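Going by the working numbering, the letters in the sequence shown line up with residues 360 to 742, in that order. Where a beta carbon is used, it is the ideal one built from N, C-alpha and C, also for glycine. From a predicted model like this one, the values you see are computed outputs, not experimental measurements. Heads up: the structure comes next, in structure tokens.
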Amino acid sequence: MRAGRRALLAAAGASVAGCGARAQPGDAARNPPPGLWQIARERGCTFGAAVQADLLASDPLYAQAYEREAGLLVPEYEGKWAAVQPVEGQFDFRGLDAVVQWGRARGRATRGHCLVWHNAMPDWLTSALGEGRGRAEALLEAHIAAVLTQTRAVIRDWDVVNEAVANPPGSDVPQTTPGEMRDTPWLRALGPTYVDTAFRIARRVDPTLRLTLNDYGVEEDTPAAEEKRRRLLALVRRLIRARVPVDAVGLQAHLQMDKPFNPSLFGTFVRALRAEGVAVLVTELDIREGRQIEDDYPRRDRLVAERAHAFVSAAIDAGVRSFITWGLVDKYSWTVTDKDVRRGDDRHHRGLPLDWEYNRKQMWRAMARAFRGEAPDPDGWFR
Ligand code: XIL
360 MRAGRRALLA
370 AAGASVAGCG
380 ARAQPGDAAR
390 NPPPGLWQIA
400 RERGCTFGAA
410 VQADLLASDP
420 LYAQAYEREA
430 GLLVPEYEGK
440 WAAVQPVEGQ
450 FDFRGLDAVV
460 QWGRARGRAT
470 RGHCLVWHNA
480 MPDWLTSALG
490 EGRGRAEALL
500 EAHIAAVLTQ
510 TRAVIRDWDV
520 VNEAVANPPG
530 SDVPQTTPGE
540 MRDTPWLRAL
550 GPTYVDTAFR
560 IARRVDPTLR
570 LTLNDYGVEE
580 DTPAAEEKRR
590 RLLALVRRLI
600 RARVPVDAVG
610 LQAHLQMDKP
620 FNPSLFGTFV
630 RALRAEGVAV
640 LVTELDIREG
650 RQIEDDYPRR
660 DRLVAERAHA
670 FVSAAIDAGV
680 RSFITWGLVD
690 KYSWTVTDKD
700 VRRGDDRHHR
710 GLPLDWEYNR
720 KQMWRAMARA
730 FRGEAPDPDG
740 WFR
């Protein structure tokens with residue numbers, strides 16, 4: 360049974376690679392099995408991953424992994440304000456360009472992340488936003504115009520506003536001030552319609568660009584996520600009624616094993632968003648393990664894989680066609696390197712498709728199965 364399935368998968372690999380001929384010894388090296396992006400494409404889905412330009416240049420195995428698996432790239436840092444306009448009026452597109460050009464040389468598109476966000480703001484910007492409404496509007500206009508003009512020919516999809524909704528009580532980091540919009544320097548400078556303004560500027564500068572509103576904390580079955588879903592949906596509805604040009608909503612999907620996931624609840628939410636006429640994208644998928652998980656790797660990886668399978672399957676069922684993981688290789692994940700999200704003990708999260716040695720692990724196979732429309736392995740292990 361198992362051997363039969365392996366033969367079937369090998370045959371599927373051969374046809375995806377377009378060779379059609381019977382497998383010969385040594386073919387595996389010349390015709391590697393299809394990458395996740397190719398498997399996703401067979402289902403009409405896009406699969407890609409956030410990438411770091413310096414690692415593409417310095418770590419050949421990292422670059423190979425992206426070449427093999429990622430059909431779409433997102434700069435993990437290089438498109439953020441602090442990277443692109445570190446000094447007022449002085450734009451630096453070197454990091455962003457490195458990602459875009461690496462992708463173009465391999466036929467992979469890059470999506471932009473992100474024009475307006477309360478993090479990765481240079482200090483000069485934070486203080487300038489306190490200098491009055493006119494100044495804040497001028498900075499917003501100048502930044503969006505400069506970035507979109509620069510990237511117009513090569514990036515056709517941008518996260519325009521990132522994380523605009525406030526975290527409700529009960530969230531990991533709840534907002535302490537009242538209001539459904541996140542309390543940020545942008546909100547303080549321009550009020551809640553800073554979101555409207557950003558999208559309108561973006562549409563005016565590049566009328567055919569896909570404009571995305573990106574947020575997190577809305578995927579799981581907790582009271583805080585339920586409230587944040589309500590807030591995000593309310594924001595999207597307000598924007599659509601006000602004819603603000605929002606084309607897509609990105610759900611970051613930084614999932615946590617400590618929080619339950621309910622596929623039908625999540626599916627209902629995705630459908631409610633899509634009913635407003637926006638596409639729904641999964642933009643930053645990764646999975647944090649529970650702190651209590653101290654088990655061996657195969658078992659830990661299996662729990663993560665089960666969650667990945669359930670999530671991707673539910674998203675596809677509800678009409679999501681674009682999936683991006685926030686990184687590809689565990690050792691470079693922000694869930695390992697970022698002090699606020701890494702595990703509090705001496706272990707590391709293993710929430711991306713490839714392990715520390717760049718090998719495909721159970722999460723990879725779980726996503727491949729979900730993209731193929733297959734159920735989890737009958738015995739629960741994603742071999
Ligand atoms: C993270 C990066 O992965 C880190 O390397 C960086 O230090 C902080 O930002 N939501 C987002 C991403 O939209 O931009 C964040 O990326 C992760 C959370």
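key: Spatial neighbours of Lys720 in its chain, beta-carbon cut-off 6 Å, leaving aside the 5 residues before and after   = As a first step, residue 720 is located in the sequence shown; it is residue number 361 there, counting from the start. These residues qualify, in order along the chain: Asp660 and Asp714.
ask   = So who's on the other strand from Trp517, going by DSSP bridges?
value = Counting from 1 along the sequence shown, the entry for residue 517 is found at position 158. Trp517 is bridged to Gly471 and Leu570.
message = Let's test the definition: count the other Cβ atoms within 10 Å of the Cβ of Ser681 and tell me whether it reaches 16, buried, or not, exposed.
response = Counting from one through the sequence shown, the residue named residue 681 turns up at place 322. It is buried - the Cβ of Ser681 has at least 16 other Cβ atoms within 10 Å.
query = Closest to Ala424 by CA distance: which of Lys618, Pro434, His477 and Val688 is it?
reply = Residue 424 sits at position 65 when you count from the first residue of the sequence shown. Minimum Cα distance to Ala424 is reached at Val688.
Spatially closest choice to Val679 from Pro392, Ala399 and Leu395, by CA coordinates = Taking the sequence shown and counting its residues from 1, the one referred to as residue 679 is at position 320. Nearest C-alpha to Val679: Ala399.
message = On the DSSP letters alone, give me the boundaries of the beta strand (DSSP E) that Gln615 sits inside.
response = Your numbering for residue 615 matches position 256 in the sequence shown. His613 to Gln615 is the span of the beta strand (DSSP E), which, as asked, contains Gln615.
query = How many Å lie between Phe670 and Asp617 at the Cα?
reply = Working through the sequence shown from its first residue, we reach residue 670 at position 311. Working through the sequence shown from its first residue, we reach residue 617 at position 258. So the two alpha carbons sit approximately 15 Å from each other.
query = What is the DSSP secondary structure of Phe558, counted as helix, strand or coil?
reply = Locating residue 558 in the sequence shown gives position 199, where the first residue counts as 1. Residue state, collapsed to three classes: helix.
ask   = When the Cα atoms are used, what is the spatial distance from Ala380 to Asp418?
value = Along the sequence shown, read from residue 1 onward, the residue named residue 380 stands at position 21. Along the sequence shown, read from residue 1 onward, the residue named residue 418 stands at position 59. Note that Ala380 has pLDDT 39, beneath the 50 cutoff, so the model's placement of it is unreliable and no number is given.
Buried versus exposed call for Pro657 [16 or more other C-beta atoms within 10 Å across all chains shown] = As a first step, residue 657 must be located in the sequence shown, where it is residue number 298. By the 10 Å Cβ count, Pro657 comes out exposed.
Sub-7 Å separation of Arg562 and Asp606 beta-carbons = Counted from its first residue, the sequence shown places residue 562 at position 203. Counted from its first residue, the sequence shown places residue 606 at position 247. Not a contact, by the Cβ cut-off of 7 Å.
key: Cutoff 6 Å; reference Ala729; Cβ partners in own chain excluding five residues on either side   = Looking up residue 729 in the sequence shown gives position 370. For Ala729, the CB contacts under 6 Å within the same chain, skipping 5 residues up- and downstream, are His668, Val671 and Ser672 in chain order.
request  = In the DSSP assignment, find the beta strand (DSSP E) that holds Thr536 and state where it starts and stops.
outcome  = Here residue 536 refers to the residue found at position 177 of the sequence shown. Careful: Thr536 lies outside any beta strand (DSSP E) and carries neither H nor E.
key: Residue span of the beta strand (DSSP E) that contains Phe628, given as start and end   = On the sequence shown, position 269 is the one that residue 628 refers to. No beta strand (DSSP E) contains Phe628, which is instead part of the alpha helix (DSSP H) from Pro622 to Arg633.
query = Does DSSP put Gly493 in a helix, in a strand, or in coil?
reply = For the purposes of this step, residue 493 is taken as residue 134 along the sequence shown, with counting starting at 1. Note: Gly493 maps to helix in three-state DSSP.
query = How would you label Val446, buried or exposed, when you count the other beta carbons within 10 angstroms and need 16 or more for buried?
reply = Looking up residue 446 in the sequence shown gives position 87. Val446 is exposed by the Cβ-count criterion.
Stretch-stretch touch, CB-based, cutoff 8 Å, three pairs: the segment 518 to 537 with the segment 463 to 482 = yes
key: Between the CA atoms of Pro393 and Cys378 - distance to the nearest angstrom   = On the sequence shown, position 19 is the one that residue 378 refers to. On the sequence shown, position 34 is the one that residue 393 refers to. Confidence in Cys378 is poor, its pLDDT being 33 and thus under 50, which makes the residue's placement too unreliable to answer from.
ask   = So is Asn478 buried or exposed if we call it buried at 16+ other beta carbons inside 10 Å?
value = For the purposes of this step, residue 478 is taken as the residue at position 119 of the sequence shown. Exposed, by the Cβ-count rule.
ask   = Which residues in the same chain as Val695 place their Cβ atom closer than 7 Å to its Cβ, once the five residues preceding and following it in sequence are excluded?
value = By one-based count along the sequence shown, residue 695 stands at place 336. Hits under 7 Å: Asp689, Arg701, His707 and His708.
key: Cα-Cα separation between Ala716 and Gln449, rounded to whole angstroms   = Position 357 of the sequence shown, counting from 1, holds the residue named residue 716. Position 90 of the sequence shown, counting from 1, holds the residue named residue 449. Checking the displayed sequence, the identity of residue 716 turns out to be Glu instead of Ala. Distance between the alpha carbons of Glu716 and Gln449 is about 39 Å.
query = When DSSP labels each residue in this structure, what does Ser417 get in the three-state scheme?
reply = As a first step, residue 417 is located in the sequence shown; it is residue number 58 there, counting from the start. Residue state, collapsed to three classes: helix.
query = At a cut-off of 6 Å, is Asn521 close to ligand 1 when judged by its beta-carbon and the heavy atoms of the ligand?
reply = Reading the sequence shown from its first residue, position 162 is the one you call residue 521. Indeed, a heavy atom of ligand 1 lies less than 6 Å from the Cβ.
ask   = Got a sec? Which residues, its chain only, sit under 8 Å from Tyr691 by beta carbon, not counting five neighbours each side?
value = Numbered from its first residue, the sequence shown carries residue 691 at position 332. Hits under 8 Å: Gln411, Leu414 and Tyr421.
query = Near Asp527, what residues of its chain come up, given a Cβ to Cβ distance below 6 Å and the 5 sequence neighbours on each side ignored?
reply = Residue mapping note: residue 527 aligns to position 168 of the sequence shown, counting from 1. Strictly speaking, residue 527 in this sequence is Pro, with Asp absent from that position. Hits under 6 Å: Ala583, Glu586 and Lys587.
ask   = For ligand 1, any of its heavy atoms closer than 6 Å to the Cβ of Glu435?
value = In the sequence shown, residue 435 corresponds to position 76, counting from 1. The answer is yes for Glu435.
task = Can you have a look at Gly710 and say buried or exposed, based on whether 16 or more other CB atoms are within 10 angstroms of its CB?
result = Counting from 1 along the sequence shown, the entry for residue 710 is found at position 351. Under this definition Gly710 is a buried residue.
request  = Can you tell me the Cβ-Cβ gap for Ile599 and Gly649, rounded? I've got them flagged as a contact below 8 Å.
outcome  = Locating residue 599 in the sequence shown gives position 240, where the first residue counts as 1. Locating residue 649 in the sequence shown gives position 290, where the first residue counts as 1. At roughly 37 Å, the Cβ-Cβ gap does not stay under 8 Å, so Ile599 and Gly649 are not in contact.
DSSP-derived helix/strand/coil call for Ala380 = Start at 1 with the first residue of the sequence shown, and residue 380 comes out as number 21. At Ala380 the pLDDT is 39, less than 50, meaning the model places this residue with poor confidence; the figure from the coordinates comes in the next sentence. Secondary structure of Ala380 (DSSP, three-state): coil.
query = Buried or exposed: Glu753, going by 16 or more other Cβ atoms within 10 Å of its Cβ?
reply = Outside the shown range of the chain (360 to 742) lies residue 753, about which nothing can therefore be said.
query = Is Arg647 buried or exposed, if buried means 16 or more other CB atoms sit within 10 Å of its CB?
reply = Looking up residue 647 in the sequence shown gives position 288. By the Cβ neighbour-count rule, Arg647 is buried, with 16 or more other Cβ atoms within 10 Å of its own.
key: Which of helix, strand or coil DSSP assigns to Leu455   = Here residue 455 refers to the residue found at position 96 of the sequence shown. Helix at Leu455.
task = Look at the Cβ atom of Leu488, then the Cβ atom of Ala548, and state whether they are nearer than 7 Å.
result = Translated into the one-based positions of the sequence shown, residue 488 becomes position 129. Translated into the one-based positions of the sequence shown, residue 548 becomes position 189. Cβ distance < 7 Å, so Leu488 and Ala548 count as in contact.
Where Pro712 falls, given that 16 or more other Cβ within 10 Å makes a residue buried = By one-based count along the sequence shown, residue 712 stands at place 353. Result: buried.
ask   = Checking contacts by CB at 7 Å: is Asp518 closer than that to chain C?
value = Among the chains of the structure shown, chain C does not appear; only one protein chain is present.
query = Going by the C-beta, is Trp320 closer than 6 Å to any heavy atom of ligand 1?
reply = In this structure the chain extends from 360 to 742, so residue 320 is not present and cannot be described.
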